[in-house]
Amino acid sequence: MGMIERVELGESSRPGEEWGGPHPRVEPVLGYVLRHPAVRLLFDTGVGEGSLETDAHYRPVRRGLPVGPADVDLVVNCHLHFDHIGGNQGFPETPVLVQRKERAAGRPVRVLFAHDRDLWKGMLPRPR
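Residue numbers for the sequence shown follow my numbering, beginning at 1 and rising by one.
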């Protein structure tokens, strides 16, 4: 049986004009670690080192990842926004899985896609 752990990776402040409110709204940045006999997966890696403009706009608070490359077989990003992929560079040899439409948007990131099963199937570890 597997286990899923929610991890708090930080927070950002969304300006009121972005969500239709009268003031900024603080939003958590969450990730998940899935530990299963067949695979150890990190879902989203949080806020990385952003640009000065992005940091000034969203005022992110960063928290470190509770896992490192030796603890993870696969990284999955739900989408390629700064608050979901910021820690990806800490996993340079780990396969990254993302939706095809995100990659098609032209965001520069080394990823595998859900539809590329033949490519990533062999990259996953054998059950422990």
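Backbone N, C-alpha and C define an ideal beta-carbon position, used for all residues, glycine too.
{"Query": "Is it a yes or a no for the region 45 to 54 touching the region 4 to 22, going by three-plus beta-carbon pairs under 8 Å?", "Result": "yes"}
{"Query": "Please list, in chain order, all residues of the same chain as Pro15 whose beta carbon is under 6 Å from its beta carbon, the five residues on each side excluded.", "Result": "Pro24"}
{"Query": "Per DSSP, what are the beta-bridge partners of Gly31 in this structure?", "Result": "Val7"}
{"Query": "Would DSSP call Phe43 helix, strand or coil?", "Result": "strand"}
{"Query": "Let's see if you can read the secondary structure: which residues bound the alpha helix (DSSP H) around Leu52?", "Result": "Leu52 to Tyr58"}
{"Query": "In whole angstroms, what is the alpha-carbon distance linking Glu49 and Gly2?", "Result": "32 Å"}
{"Query": "Taking the Cβ atom as the reference point for each residue, do Phe91 and Pro60 lie within a distance shorter than 8 Å?", "Result": "no"}
{"Query": "Measure the Cβ-Cβ separation of Gln99 and His84 and say whether it is below 8 Å.", "Result": "no"}
{"Query": "Quick check: Thr94 and Val76, are their CB atoms within less than 8 Å of each other?", "Result": "no"}
{"Query": "Starting from Phe91, trace the alpha helix (DSSP H) in both directions and tell me its first and last residue.", "Result": "From DSSP, Phe91 is part of no alpha helix (DSSP H); its letter is neither H nor E."}
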